[in-house]
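Take a look at the structure below.
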Amino acid sequence: MTLSGFWYGEGSSNRLAAEFSVSADGSVNVVDSQTGATILATTFDQLIISDRIGNTPRFLSKQDQGRFETSDNDGVDAILLQLRPAQSGSVAHILESRWRYALLSVVGVIAFGWWFAVHGTPTVANWISLALPKHIISSASEENLLLLDELYFDESELSHDVQIRIQTHFADLIAQHSALDIRVMFRKGNALGANAFALPDGSIIFTDEIVNLSESDDELLAILAHEIGHVVERHGVRSVVQGSILSLATLLMFGDAGAAAESLLTIPVLLTQFAYSRDFEFEADRYSSEQMAINNVDPNHFVNIMRSLSRDGSCIKTNTCGDNNDDDQDNRLLDYLSTHPAPEDRIRHYQEHSQAF
Amino acid sequence: MTDLRYDIVFNGQIREGFSVDEAARALSKRTAGSEERIRKALTKQHHVFKHDVAEGDTDRYVQQLFAAGVIVDAVLVTESTTSPTDLSSSSADGSGGISDTKDDSGPRDQPQKMYFQFHGNGAEYFKIWIVNICLSIVTLGIYSAWAKVRNKRYFYGNTTLDGSSFEYLASPITILKGRIVAIIVFGSYAAVNHFYPIVGSVLALAFMILMPWVMVRSFAFNAFYSAYRGVRFRFNGTYGGALAAFVGYPILAAFTLGLLAPLAYKKQVYFFAGNHEFGQSRFEVDASTRDFFIAFITGFCASLVAALVAWIIGWVIGVAGLLAALTFYLCTFVFFAVLLTNLVFNNLTLALNQFTGEYELKSYAVLFITNTLGVICTLGLFIPFAKVRAAKYKAEHTGFIAGTNMDEFIAARQESSRAMGEELAEVFDWDFGI
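Rendered as structure tokens:
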């Protein structure tokens with residue numbers, strides 16, 4: 002059996018047009034095509050033969066002597082089949098060269114991607130969040146609060162009396178969650194506007210703006226219950242872990258897709274993270290409505306404060322703007338682009354859930 | 005012999021079949037210099053294109069100008085024992101060879117221009133790509149190291165120059181080890197960053213100091229496992245050089261609000277390309293800082309003008325901001341890719357061999373837009389086709405003027421390299437390369 006190609010001797014880029022021939026007993030001869038002189042005489046088992054990838058040239062190389070390059074892939078495969086069956090018919094090449102396996106892979110990758118985003122990542126993130134030591138969570142929360150204070154917050158301008166009044170109103174609900182170490186604080190929100198935040202260690206921050214926006218302390222209680230819901234379900238830690246898993250997995254799978262493609266890949270990752278965030282909001286809302294029912298507070302308080310928030314300008318920052326005046330179609334699309342569900346959806350879910358009690 | 009210096013002199017001779025306008029256009033594209041200025045020079049009967057060129061470099065200038073249709077002489081200027089000689093016999097005369105006074109061993113008789121070629125095919129690569137992703141998933145990521153090698157080998161093997169293909173020689177096991185280290189480092193860095201943002205910022209500083217080391221390792225690994233005609237590439241950059249080029253100068257550029265960005269970019273190109281070797285032959289970049297500034301300013305201003313036009317058009321239909329932003333993004337990407345690639349390749353040499361960069365604005369813009377739209381519309385399934393199209397474009401628009409015999413590159417002595425740097429770099433998504 003013969004192959005034609007190029008011979009490159011060890012040590013330089015010198016190229017000779019050459020013929021490679023191998024006999025049935027495995028003796029190999031490489032000869033110069035022009036002069037007919039023998040370049041290499043060896044046995045087949047001494048050669049390292051590169052795997053087949055698409056139709057790229059194959060290299061048959063002999064340690065310290067040189068390498069023979071040929072485009073005759075089928076010829077190389079035929080020789081391998083006869084003299085080195087173990088390396089012939091490489092499984093990888095068979096899988097890579099048939100459309101049926103490619104299409105199967107497309108289906109498999111899409112199905113896996115869907116499962117991984119919807120079930121896999123949240124489940125694993127949940128395990129990790131449960132396994133994280135408490136002191137890590139609390140020091141992480143402290144540092145984050147420090148950072149928020151530095152970047153956005155100012156000291157609260159609410160009077161001492163107002164703060165005491167609200168804390169007193171919250172006391173019962175907090176006492177019901179004594180295991181969580183819930184601590185409510187007030188800050189001036191500035192750019193963050195009317196908002197409330199829960200840190201994983203149980204610190205819950207109300208901005209002055211949301212306190213001023215509320216029409217009754219029960220509305221604030223509904224918000225508190227929502228934020229406690231985030232703490233109970235460990236949403237903060239879970240969303241961080243989910244984000245990391247998702248980015249790392251995408252990078253590993255599509256890592257060498259090229260610069261332009263890579264920047265496009267961040268879009269689905271971001272959309273998925275938004276979807277996780279919206280799920281968490283619904284979960285926290287559900288928790289809030291349960292707590293309101295347990296404590297015999299009218300669930301309409303939550304509805305009221307949601308309405309006020311969506312009328313308030315700060316809703317733009319918190320993605321809680323209502324769809325009162327806007328075209329419904331637009332909002333459907335925008336839903337996918339926000340971390341919080343549309344307020345009307347939240348109110349509807351909330352009311353449905355409250356009626357179930 | 006070594007201290008002989010030459011001027012590259014033009015005596016009003018244009019090659020047959022070329023016009024002054026054509027030559028000026030070609031030269032301005034190659035050098036990113038002003039076409040008007042070059043045309044003026046070419047209309048003179050006597051013009052010195054370059055003063056004080058070392059003997060080893062004269063051929064390169066003569067060949068490059070010859071390729072653009074301009075005939076020049078290398079004229080000896082330095083005082084030496086021999087009287088100044090007019091080397092016009094060695095200059096291009098439109099029909100014969102240009103370096104026939106040299107001894108036979110080094111330069112070849114006639115420089116030969118060729119192009120890189122890419123033989124891959126989108127459909128073929130699609131199968132390889134998707135099957136490898138699927139196998140990586142099934143094996144919980146372990147196969148991803150094999151997948152990486154196979155993907156890389158597909159692109160190397162399908163790229164040829166002068167009929168010989170490139171080889172990627174890294175072993176998947178080495179890459180797997182590097183990948184495991186990288187994931188541990190990346191994972192703990194991400195965790196610290198999320199949970200301890202303040203400690204994280206200190207770590208970020210540590211990473212900034214570590215990064216140049218990772219880059220040097222990464223370049224060295226990649227070069228060592230890349231070969232052509234059985235000869236490996238090498239990378240000899242130092243940590244200090246990388247620190248200056250990839251941390252020092254970018255910081256300087258940031259402090260000057262980006263004004264010095266072209267300088268930083270130049271330093272990076274010089275560091276990356278200038279420290280590469282093919283066997284024992286060095287790559288060398290020789291483009292002036294001025295050229296980099298011109299390319300950046302041209303790219304930026306052209307994009308700004310395009311965005312302004314888009315804004316005016318968009319204002320009529322009521323989508324001004326969006327249209328202007330998209331145009332600006334697209335134009336900067338295309339202009340910078342085309343201008344800078346051409347600038348670097350047109351000034352890149354390997355011994356007496358000259359590269360040429362021949363990207364064109366229009367065709368590159370078409371490629372970029374269609375690839376981007378393709379990837380978006382197919383939710384990523386077009387990625388393998390886009391990669392093949394990009395590789396084909398890159399190969400076919402990169403020329404190589406062989407000034408030496410292609411058979412005479414000598415391999416360097418063997419040394420090994422580690423995968424760790426390379427894989428760290430990959431996980432952190434640093435994408436370099438020209």
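Quick note, the sequences are listed as chains U and V, same order. Each step along the first sequence adds one to the number in the numbering used here, with nothing skipped, and position 233 is 234. Each step along the second sequence adds one to the number in the numbering used here, with nothing skipped, and position 337 is 341. Where a beta carbon is used, it is the ideal one built from N, C-alpha and C, also for glycine. Since this is a predicted model, take the numbers as computed values, not measurements.
Only counting the same chain, and skipping five residues up and downstream in sequence, which positions put a Cβ closer than 7 Å to that of U/Leu289? Within the first sequence, the letter at position 288 stands for residue 289 of chain U. Note that residue 289 of chain U is Ser in the sequence shown, not Leu. The residues are Ala223, Ala226, His227, Gly230, Phe303.
Item to complete: Compare the C-alpha of V/Ala28 against each of V/Gly126, V/Gly318, V/Leu308, V/Ala45 and name the closest.
Response: Here residue 28 of chain V refers to the residue found at position 24 when the second sequence is read from its first residue. Of all alpha-carbon atoms in V/Gly126, V/Gly318, V/Leu308, V/Ala45, the one lying nearest the alpha-carbon of V/Ala28 is that of V/Ala45.
Quiz prompt | DSSP three-state assignment for V/Lys398, whether helix, strand or coil | solution = Residue mapping note: residue 398 of chain V aligns to position 394 of the second sequence, counting from 1. Look at V/Lys398 here: in three-state DSSP terms it is helix.
Margin query: Does chain V have any CB closer than 7 Å to the CB of U/Arg68?
Written below: Locating residue 68 of chain U in the first sequence gives position 67, counting from the first residue. Look at U/Arg68: its C-beta is under 7 Å from a C-beta on chain V.
**OP:** Buried or exposed for V/Val142, please, with buried defined as at least 16 other CB atoms from any protein chain shown within 10 angstroms of its CB.
**Re:** As a first step, residue 142 of chain V must be located in the second sequence, where it is residue number 138. By the Cβ neighbour-count rule, V/Val142 is exposed, with fewer than 16 other Cβ atoms within 10 Å of its own.
Can you tell me where the beta strand (DSSP E) holding U/Glu97 begins and where it ends? The residue you call residue 97 of chain U lines up with position 96 of the first sequence. Segment 92-98 is the alpha helix (DSSP H) holding U/Glu97; no beta strand (DSSP E) there.
Subject >> Min CB distance U/Pro344 to chain V below 7 Å >> reply: Translated into the one-based positions of the first sequence, residue 344 of chain U becomes position 343. No, its Cβ sits nowhere closer than 7 Å to a Cβ of chain V.
Three or more beta-carbon pairs under 8 Å between the region 185-202 of chain V and the region 147-165 of chain V, yes or no? Touching, no.
Taking only the alpha-carbon atoms, compute the straight-line gap between V/Ala194 and V/Val251 and give it to the nearest angstrom. Residue mapping note: residue 194 of chain V aligns to position 190 of the second sequence, counting from 1. Residue mapping note: residue 251 of chain V aligns to position 247 of the second sequence, counting from 1. V/Ala194 and V/Val251: Cα-Cα distance of roughly 21 Å.
Pop quiz: U/Asp46 and U/Gly27 are said to be a contact at Cβ under 8 Å. What is the actual Cβ separation, rounded to whole angstroms? Within the first sequence, the letter at position 45 stands for residue 46 of chain U. Within the first sequence, the letter at position 26 stands for residue 27 of chain U. Yes, they are in contact, since the Cβ atoms of U/Asp46 and U/Gly27 sit about 6 Å apart, within 8 Å.
Using a Cβ-Cβ cutoff of less than 6 Å, which residues in the same chain neighbour V/Thr164 once the five nearest sequence positions on both sides are dropped? By one-based count along the second sequence, residue 164 of chain V stands at place 160. Excluding sequence neighbours, V/Thr164 sits near Gln121.
Legend entry - Inter-residue spacing [alpha-carbon to alpha-carbon] between V/Val370 and U/Ser140: If you number the second sequence from 1, residue 370 of chain V lands on position 366. If you number the first sequence from 1, residue 140 of chain U lands on position 139. For V/Val370 and U/Ser140, the distance between alpha carbons rounds to 52 Å.
Mind listing, in chain order, the continuous beta strand (DSSP E) runs of no fewer than 3 residues lying wholly within the region 308-360 of chain V? The region 308-360 of chain V contains these whole beta strand (DSSP E) runs: 352-354.
| query | Taking all protein chains shown into account, do 16 or more other C-beta atoms lie within 10 angstroms of the C-beta of U/Met2, making it buried, or fewer, making it exposed? | reply | By one-based count along the first sequence, residue 2 of chain U stands at place 1. With fewer than 16 Cβ atoms within 10 Å of its Cβ, U/Met2 is classed as exposed.
Item checked: Rounded separation between V/Ser292 and V/Tyr10 - CA only -> Here residue 292 of chain V corresponds to residue number 288 of the second sequence, with the count starting at 1. Here residue 10 of chain V corresponds to residue number 6 of the second sequence, with the count starting at 1. Roughly 19 Å between the two C-alpha positions.
Self-check item: CA-to-CA distance, U/Asp33 to U/Phe21, given in whole angstroms
Solution: The residue labelled residue 21 of chain U in the question sits at position 20 within the first sequence. The residue labelled residue 33 of chain U in the question sits at position 32 within the first sequence. Rounded to the nearest whole angstrom, the C-alpha separation of U/Phe21 and U/Asp33 is 9 Å.
For chain U, find out if any of its Cβ atoms is closer than 7 Å to the Cβ of V/Asn162; answer yes or no. Translated into positions along the second sequence, residue 162 of chain V becomes position 158. So yes, V/Asn162 belongs to the interface.
- Message: Quick check: what's the CA-CA separation for V/Glu20 versus V/Phe14?
- Response: For the purposes of this step, residue 20 of chain V is taken as the residue at position 16 of the second sequence. For the purposes of this step, residue 14 of chain V is taken as the residue at position 10 of the second sequence. About 15 Å.
Subject >> Where U/Ala132 falls, given that 16 or more other Cβ within 10 Å makes a residue buried >> reply: Mapped onto the first sequence, residue 132 of chain U falls at position 131. It counts as exposed.
Check: Would you say V/Phe475 reaches chain U, if we count a Cβ-Cβ gap shorter than 7 Å as a contact?
Finding: This structure cannot speak to residue 475 of chain V, because chain V is shown only from 5 to 438.
List, in order along the chain, the chain U residues whose C-beta lies closer than 8 Å to that of V/Val348?
In the second sequence, residue 348 of chain V corresponds to position 344, counting from 1. In chain order: nothing, as chain U lies at least about 16 Å away.
- Task: State the Cα-Cα distance for the pair U/Tyr102 and V/Phe386, rounded to the nearest angstrom.
- Result: Here the question's residue 102 of chain U lines up with position 101 in the first sequence. Here the question's residue 386 of chain V lines up with position 382 in the second sequence. When rounded, the distance between both Cα atoms is 17 Å.
- prompt: What's the gap between the Cα of U/Leu41 and the Cα of V/Leu344?
  reply: By 1-based counting over the first sequence, the position of residue 41 of chain U is 40. By 1-based counting over the second sequence, the position of residue 344 of chain V is 340. One C-alpha to the other measures close to 45 Å.
By how many angstroms is the C-alpha of U/Arg68 removed from the C-alpha of U/Ile50? Your numbering for residue 50 of chain U matches position 49 in the first sequence. Your numbering for residue 68 of chain U matches position 67 in the first sequence. In a straight line, the C-alpha of U/Ile50 is about 10 Å away from that of U/Arg68.
Do you know how far the Cα of V/Phe296 is from the Cα of V/Asn217?
For this step, residue 217 of chain V is matched to residue 213 along the second sequence. For this step, residue 296 of chain V is matched to residue 292 along the second sequence. At residue 217 of chain V the sequence reads Trp, which differs from the Asn that was named. Take the alpha-carbon of V/Trp217 and the one of V/Phe296: they are about 26 Å apart.
- Message: So for U/Lys135, helix, strand or coil by DSSP?
- Response: Translated into the one-based positions of the first sequence, residue 135 of chain U becomes position 134. In the three-state reduction of the DSSP assignment, U/Lys135 falls in the helix class, which pools H, G and I.
message: Does the region 10-18 of chain U come into contact with the region 82-90 of chain U, if we say contact requires no fewer than three beta-carbon pairs (one atom in each stretch) closer than 8 Å?
response: The region 10-18 of chain U makes no contact with the region 82-90 of chain U, as fewer than three CB pairs between them are under 8 Å.
Since V/Ala394 contacts V/Val379 with CB under 8 Å, what's their CB separation in whole angstroms? On the second sequence, position 390 is the one that residue 394 of chain V refers to. On the second sequence, position 375 is the one that residue 379 of chain V refers to. Contact flag wrong, Cβ pair sits at about 11 Å.
Assuming U/Asp182 and U/Gly203 are in contact, meaning their beta carbons sit under 8 Å apart, how far apart are those beta carbons, in whole angstroms? Residue numbering aside, residue 182 of chain U sits at position 181 when the first sequence is read from its first letter. Residue numbering aside, residue 203 of chain U sits at position 202 when the first sequence is read from its first letter. A Cβ-Cβ distance of about 4 Å is found for the pair U/Asp182 and U/Gly203, placing them in contact under the 8 Å criterion.
Practice prompt. Taking the CB atoms as reference points, tell me whether V/Ala149 and V/Asn136 lie closer together than 7 Å.
Written response: Here residue 149 of chain V refers to the residue found at position 145 of the second sequence. Here residue 136 of chain V refers to the residue found at position 132 of the second sequence. Not closer than 7 Å, so no.
| message | Alpha carbons only, please: which of U/Val298, U/Tyr351, U/Leu247, U/Arg279 is nearest the one belonging to U/Thr340? | response | Your numbering for residue 340 of chain U matches position 339 in the first sequence. Ranking U/Val298, U/Tyr351, U/Leu247, U/Arg279 by Cα distance to U/Thr340 puts U/Arg279 first.
Practice task
Taking U/Ile137 as the query, report the chain V residues whose CB atoms sit under 8 Å from its CB, ordered along the chain.
Solution key: Within the first sequence, the letter at position 136 stands for residue 137 of chain U. Phe199, listed in chain order.
Please confirm if V/Ala194 has its CB atom under 7 Å from at least one CB of chain U. Position 190 of the second sequence, counted from the first residue, corresponds to residue 194 of chain V. With 7 Å as the cut-off, V/Ala194 counts as an interface residue toward chain U.
### Task
Determine the extent of the beta strand (DSSP E) in which V/Gln17 is found, giving its start and end residues.
Taking the second sequence and counting its residues from 1, the one referred to as residue 17 of chain V is at position 13. Taken as a continuous stretch (DSSP letters only), the beta strand (DSSP E) holding V/Gln17 covers 9-18.
Once the 5 residues before and after V/Thr353 are set aside, which same chain residues still bring their CB inside 6 Å of it? Position 349 of the second sequence holds residue 353 of chain V. Only Arg64, Glu288 meet the Cβ criterion.
Nearest residue (CA-CA) to V/Gln68, options V/Val79, V/Leu80, V/Phe53: Looking up residue 68 of chain V in the second sequence gives position 64. Of the candidates V/Val79, V/Leu80, V/Phe53, the one whose C-alpha sits nearest the C-alpha of V/Gln68 is V/Phe53.
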